[in-house]
Amino acid sequence: MPYKIPESVLVVIYTPALDVLLLERADKPGFWQSVTGSKDTPDEALAYTAAREVAEETGIDASLHRLHDWELCNVYDIYPVWRHRYAPGVTQNTEHVFGLCVDAIQAVTLAPREHLQYRWLPWHAAADACFSPSNAEAILQLPRLHAKFHPGAVEQVTSV
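Mapping to UniProt numbering: the sequence shown position 122 is 122, numbers consecutive.
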């Protein structure tokens with residue numbers, strides 16, 4: 001099996017009411033997160049990676065919704081439990097953050113080898129539920145970023 005490329009996407013899937021989809025990891029029960037995944041090839045476009053991972057992990061077709069590159073990038077240490085997936089000596093990953101606004105809360109089709117269950121939560125509760133600090137931080141920026149990419153949208157939340 002080839003090593004994972006240490007460049008990935010994080011895709012926050014949410015509704016206009018700012019409810020956020022979280023997935024529970026199959027390899028770490030109790031660890032909740034947004035859609036994540038690495039590039040398949042070094043030259044794979046990040047937007048393609050994001051759309052592919054959304055389809056693989058949820059069954060949602062990103063082309064039917066609004067996918068935006070949030071222009072946020074995180075570099076973090078790869079958790080030791082997952083370092084064996086990367087080439088020897090690779091200890092950091094670069095993560096690019098995207099948002100995908102879907103019209104409403106919907107059922108998703110999980111990849112059973114990757115996730116056990118899903119839930120939709122209000123954005124502030126979703127941020128609290130994430131095990132990953134970068135995922136939580138991205139969700140905390142959701143009200144601002146949603147307004148940036150959807151300027152005609154009516155603000156439906158207030159700060160917590």
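Cβ atoms here follow ideal geometry from the backbone N, Cα and C, with glycine treated the same way.
Query	Result
Since His124 is in the beta strand (DSSP E), which residue starts that stretch and which ends it?	Per DSSP, His124 belongs to no beta strand (DSSP E); it is in the alpha helix (DSSP H), Trp123 to Ala129.
On a Cα-Cα basis, can you pick out the residue from Trp123, Pro151 and Glu137 that is closest to Leu21?	Trp123
Tell me which residue opens and which closes the beta strand (DSSP E) that residue 161 is part of.	Nothing about residue 161 can be read from this structure; the chain reaches only from 1 to 160.
Looking at the unbroken alpha helix (DSSP H) that takes in Ser8, where does it start and where does it end?	Taken as a continuous stretch (DSSP letters only), Ser8 belongs to no alpha helix (DSSP H), being part of the beta strand (DSSP E) at Glu7 to Tyr14.
Does DSSP classify Val146 as helix, strand or coil?	Inspection of the sequence shows that residue 146 is occupied by His rather than by Val. DSSP places His146 in helix when its eight states are reduced to three.
Flag Thr109 as yes if its beta-carbon sits less than 7 Å from any beta-carbon of chain D, otherwise no.	Note that chain D does not occur in the displayed structure, where there is just one protein chain.
Here's a check: name, in chain order, each residue in its chain whose Cβ is nearer than 6 Å to the Cβ of Trp120, leaving out the five neighbours to either side.	Asp19, Leu21 and Ile105
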